[in-house]
Structure formats: C-alpha cells, structure tokens
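Visitor: First residue of the sequence shown: 25, per this note's numbering; consecutive thereafter.
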Amino acid sequence: MAWANIEAEQAVLGGLMLDNSSWDRVTGKVSANDFSRRNHQLIFSAITNSAQANQPFDVVTLAEHLEQTERLGQAGGLPYLVNLVEDAFSAANVGVYASIVREKAKRRTLRDLFLDATRDAEHGDLDDLLSDVTTRAEATASHGGGSLTFTEAFTRTLDHIDKAAAARQNGGVVGIPTGLPGIDRRTGGLQQKRLIVLAARPSIGKTALANQIAIHAATRGYPVGIVSLEMGAEELTIRAMAHCYRLNFSGLAYGDDEECTRLTDAMTEKPPISSLPIYIDTDTTTLGGITARMAEWKRQHGIALCIVDHIGLVEGGDDKTRNDWLGKISRSLKLTAKRLDLPILAVSQLNRSVERDKRRPVLADLRDSGNIEQDADVCAFLHVDGNAVETTYGLPMEIGLLKNRTGQRGWLPEEFTFDGRTQTFLEIEQPIRRFA
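Set out below in structure tokens:
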C-alpha cells in the first residue's frame with residue numbers, strides 16, 4: 025500500500041495556484057504537515073500565509089513569497105511551481121484531492137503510532153501507554169489542524185453566544201443542567217471542555233450531589249460516565265434508588281422490609297431508572313486508565329459528562345510529592361475535558377484544617393492539592409455550619425462558587441438542604457441574602 029498520494033498533493037497545490045478562490049474548499053480540511061514531501065509542505069505553508077493575509081498566491085506571487093523567505097530552492101524552484109499549475113488543468117476537484125491527502129496523512133500517523141506502541145509495549149507503565157495510544161489515535165481521528173484563525177474563533181464564539189441566548193430564552197442553560205437553578209444561573213450549567221471541581225470535607229454529601237447531577241443529566245438524555253474510586257456499583261445504585269424514589273438509603277442498604285416494599289411499589293408506579301444512560305467503572309484506579317476509559321465511553325456511548333469520585337484516590341505517579349501528583353491529575357483531567365469536548369466533574373476532599381477550624385472553606389484550602397485551583401474552570405464548595413439544625417427537608421447546606429471562570433463568584437444566596445436519608449439536595453431560594 026502507498027503511504028502517500030503524490031499526484032493528489034500536486035493537484036491540490038497546482039489547483040490552488042491556478043484558482044485562488046478554490047482556497048475555501050481546502051481550508052480547514054488539510055494542513056501543511058499532511059503533505060508527505062518537505063517541498064510540498066513549504067509550498068502549502070506559503071499558500072496558507074498568503075490566503076490568510078488576503079494576498080494572491082499565483083505562480084509569480086508565490087515564487088516571490090518563497091524567495092523572500094529563502095525557501096524557493098527548497099520548494100523546488102520556479103520551474104516546479106510552473107509544472108504544478110500546468111499539470112493541474114482545473115481546480116474543480118481540489119477539495120476531493122485535499123481529502124485524499126488528509127486520509128493518507130492519517131494512515132501514516134496511525135502507522136507510526138502503532139510502531140511506537142509495539143516498541144514501548146515491552147517496557148513502561150501499561151496504563152500510561154494505553155492512555156498515550158488512545159490520545160494520539162483520537163487526535164488523528166479528529167478533524168485535522170488544531171489551530172484557528174481569529175476569524176474562525178470569532179465565528180464559533182458568535183454561535184456559542186447565540187446558543188446561550190436561545191437557551192436562556194427557553195428557560196434553560198447552554199451546558200448540562202445540574203438541577204440546582206442557583207448553580208446553573210451562574211455557570212450556564214456544566215459546559216463542554218471544562219473541569220469542575222466539587223470539594224468539601226468528608227461526609228458532607230459530595231458523592232450524593234455528584235450522583236444527583238448525573239441522574240438529572242441522564243434523565244434529560246445526556247449520557248454520563250462515572251469513575252468511582254471509593255464506592256462499588258451496588259452502593260452507587262442504592263444511592264440512586266434512594267434519591268429517585270425518595271427512600272431511606274440505609275434501609276435499602278440493609279434490606280429493611282418496609283423500604284424494600286416501598287421500592288417495589290415505587291418501581292411499579294414511577295418510570296424505571298435502570299435504563300438511564302449512565303456508565304459506571306469502579307475498577308479503574310490509575311490516571312492513564314481513567315482517561316482511556318473516558319475516551320472509550322465517548323467513542324462507544326457518546327457520553328456528555330464524566331464524573332471522577334474522588335481524585336485523591338487516583339493511583340500511580342512517581343512524583344516526589346503528593347502535591348505534584350495531584351497537580352498532574354488535575355492537569356490531565358483538564359486536557360481530557362478539552363480533548364473529548366465534554367465537562368468533567370471531579371470530586372475532591374478539602375484538607376482537615378477546614379474541619380478543625382469549623383469555618384467556611386476558601387480557595388486556599390485547595391492549594392495543598394496540586395494545581396487543582398489553577399486547572400479548574402469552576403470550584404464549588406459545600407459547607408455545613410457547626411450550629412446547623414436539621415429540618416424536615418434535611419440539613420441546611422451552603423454552596424459556594426469560589427472560582428467561576430466566566431461568572432459570578434462567592435457563596436450562593438439560595439439556601440440548600442441535604443437529606444442524607446434519601447441522598448437528596450434541595451434548593452430553597454432566599455432572595456434577601458446577598459451574593460457575596
């Protein structure tokens with residue numbers, strides 16, 4: 025099999041020089057690195073620079089451009105440029121030829137990828153190798169390029185603003201709704217490419233809130249992946265049952281007759297939750313394995329949200345300090361969110377000083393946890409006042425958005441409660457209290 029199609033490469037270059045207006049059929053479809061020959065890469069780069077500067081790139085002007093950058097000789101000289109145009113005849117099929125060039129480039133990249141993987145499989149960490157292979161394969165499969173002109177970025181941004189405006193007019197949010205309006209109003213929901221950190225001290229309800237968000241998203245058609253490093257699938261499912269059917273979590277866990285009867289009745293009367301698009305992994309514990317699992321879920325199930333509970337339990341790493349390792353975890357999750365084009369909700373525990381001092385947490389309480397504060401787009405904190413008294417709705421709870429890259433920050437004015445029996449968070453609006 026031929027790993028390159030030289031004729032297609034020449035047809036693209038010649039067609040572009042013959043008819044500069046054909047650039048619109050090529051831009052974004054192929055890049056200079058997709059060409060197999062160095063001289064073809066130089067010629068296409070020169071064409072790209074001229075097109076982006078709104079300058080012509082016929083044979084004469086392109087030769088002049090290459091001469092000024094002292095690359096005309098490396099590109100083959102003026103005679104080679106003339107031959108490219110003469111052999112092109114027409115630019116009618118330049119888009120088709122560009123697709124052929126891109127396909128061949130992908131095949132060469134995959135060939136090199138698997139040759140590297142075969143060599144590296146004998147040594148090194150298996151999870152890291154798997155993650156690297158997955159990342160590189162997906163980058164190859166994605167639409168080429170990676171860089172954007174400001175015009176392209178501007179157009180995409182206008183589309184995003186239009187979608188956000190339309191969503192608000194319809195009473196929704198541009199991202200995945202959490203089910204808690206106070207959070208959604210200030211974040212726009214869980215948005216693509218973002219790392220959202222949910223932090224609190226132990227036994228405050230972090231997992232319950234993360235699971236509630238997952239269920240809320242799944243019931244609205246968003247497939248969700250959950251990587252649980254702390255709980256088994258059975259416990260997560262019992263918590264989901266307790267939340268969805270408003271049953272006593274402990275009673276279900278210990279097989280209480282009354283709660284089991286109520287569960288049977290609820291499953292008969294209410295829509296089943298067993299068919300929700302939620303995918304659970306409780307076995308994968310390494311960073312490379314987790315990111316590879318996310319990529320697999322994205323490819324096979326089209327997940328729109330992934331939850332990691334919790335990042336302090338991720339294994340691996342040969343870093344000198346725990347702080348360095350947690351920083352590597354948060355950075356990897358952020359890059360994975362961007363690469364897979366989905367939000368990642370990462371659950372994290374706060375350091376013990378918050379519990380010892382009996383105070384509201386602050387961003388500094390994450391600073392012993394690597395670069396989590398730096399990498400996260402949103403940092404949400406849960407807090408229970410030491411004097412809080414449980415009500416019929418549950419234990420009064422405060423939620424703070426202490427980092428919110430594109431919105432308001434601070435402790436939310438709404439009141440929240442957490443009912444540990446049913447694993448349910450509720451929001452009670454209190455407009456008198458100021459967002460601060």
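Here a beta-carbon is modelled for each residue, glycine too, at the ideal position from N, C-alpha and C.
1. Rank 128, 111 and 96 by C-alpha distance to the C-alpha of residue 54 and give the top, closest one.
2. Look up residue 404 in the DSSP assignment and say whether it is helix, strand or coil.
3. Once you ignore the five residues that flank residue 104 on each side, which residues in its own chain have a CB closer than 8 Å to its CB?
4. Looking at residue 119 and residue 438, is the spacing between their C-beta atoms short of 8 Å?
5. Looking at residue 366: is its Cβ nearer than 8 Å to the Cβ of residue 427?
6. Sort 247, 295 and 448 by Cα distance to residue 271 and report the nearest one.
7. From residue 442 to residue 305, what distance separates their C-alpha atoms?
8. Please report the straight-line C-alpha distance between residue 233 and residue 26, rounded to a whole angstrom.
9. Residues bridged to residue 442 by DSSP?
10. Spatial neighbours of residue 28 within its chain, please: CB distance less than 6 Å, with the 5 preceding and 5 following residues excluded, ordered by chain position.
11. With 16 as the cutoff for other CB atoms within 10 Å, does residue 452 come out buried or exposed?
12. Mind checking if residue 420 is an interface residue toward chain C, Cβ cutoff 8 Å exclusive?
13. Just verifying my parser: in three-state terms, what is the DSSP assignment at residue 278?
14. Which class does residue 331 belong to by DSSP, given the choice of helix, strand or coil?
15. Give every residue of the same chain whose Cβ lies closer than 7 Å to the Cβ of residue 355, excluding the five residues on either side of it in the sequence, and list them in chain order.
16. Go to residue 249, then tell me how far its beta strand (DSSP E) extends in each direction, as first and last residue.
17. Quick check on residue 372: does DSSP put it in helix, strand or coil?
18. Closest to residue 23 by CA distance: which of 299, 362, 311 and 351 is it?
19. Given that a residue counts as buried once 16 or more other Cβ atoms are within 10 Å of its Cβ, and exposed if not, what is residue 78?
20. Quick check on this structure: which residue in 32, 258, 74 and 56 has the alpha carbon closest to the alpha carbon of residue 108?
21. Which of the three DSSP states, helix, strand or coil, is assigned to residue 27?
22. Would you mind reading off the limits of the alpha helix (DSSP H) that contains residue 399?
23. Measure from the alpha carbon of residue 226 to the alpha carbon of each residue in 240, 136, 360 and 385, then state which is nearest.
Guide: The short version:
1. What you label residue 54 is simply residue 30 of the sequence shown in a count that begins at 1. Closest option to residue 54, Cα to Cα, is 128.
2. As a position in the sequence shown, residue 404 is number 380, starting the count at 1. Note: residue 404 maps to strand in three-state DSSP.
3. Taking the first residue of the sequence shown as 1, we reach residue 104 at position 80. Contacts found: 63.
4. Sequence index remark: in the sequence shown, residue 438 carries index 414 (1-based). Sequence index remark: in the sequence shown, residue 119 carries index 95 (1-based). No, the Cβ-Cβ distance between residue 438 and residue 119 is not below 8 Å.
5. As a working mapping, residue 366 is identified with position 342 in the sequence shown. As a working mapping, residue 427 is identified with position 403 in the sequence shown. Going by C-beta atoms, residue 366 is not nearer than 8 Å to residue 427.
6. The residue you call residue 271 lines up with position 247 of the sequence shown. Ranking 247, 295 and 448 by Cα distance to residue 271 puts 448 first.
7. Position 418 of the sequence shown, counting from 1, holds the residue named residue 442. Position 281 of the sequence shown, counting from 1, holds the residue named residue 305. Computed Cα separation, rounded: 26 Å.
8. In the sequence shown, residue 233 corresponds to position 209, counting from 1. In the sequence shown, residue 26 corresponds to position 2, counting from 1. Taking the straight line joining both Cα atoms gives about 54 Å.
9. Locating residue 442 in the sequence shown gives position 418, counting from the first residue. Residue 442 is bridged to 419 and 449.
10. Here the question's residue 28 lines up with position 4 in the sequence shown. Here the set comprises 60 and 128.
11. As a position in the sequence shown, residue 452 is number 428, starting the count at 1. Flag for residue 452 reads exposed.
12. Absence of chain C from the displayed structure is noted, only one protein chain being present.
13. On the sequence shown, position 254 is the one that residue 278 refers to. Three-state DSSP puts residue 278 in coil, outside helix and strand.
14. Within the sequence shown, residue 331 is the residue found at index 307, counting from 1. Strand at residue 331.
15. Taking the first residue of the sequence shown as position 1, residue 355 is located at position 331. 395 and 399, listed in sequence order.
16. Here the question's residue 249 lines up with position 225 in the sequence shown. Element bounds for residue 249: 248-252.
17. Translated into positions along the sequence shown, residue 372 becomes position 348. Annotated three-state conformation of residue 372 is strand, per DSSP.
18. A query on residue 23 cannot be resolved here, the shown segment of the chain reaching from 25 to 460 and no further.
19. Here residue 78 refers to the residue found at position 54 when the sequence shown is read from its first residue. The residue in question, residue 78, is exposed, as its Cβ has fewer than 16 Cβ neighbours within 10 Å.
20. The residue given as residue 108 occupies position 84 in the sequence shown. Out of 32, 258, 74 and 56, 32 has the C-alpha closest to the C-alpha of residue 108.
21. To locate residue 27, count along the sequence shown from 1; it is residue 3. Correct three-state label for residue 27: coil.
22. The residue given as residue 399 occupies position 375 in the sequence shown. Element bounds for residue 399: 396-399.
23. Numbered from 1 along the sequence shown, position 202 holds the residue referred to as residue 226. Residue 385 is the option with its Cα nearest to residue 226.
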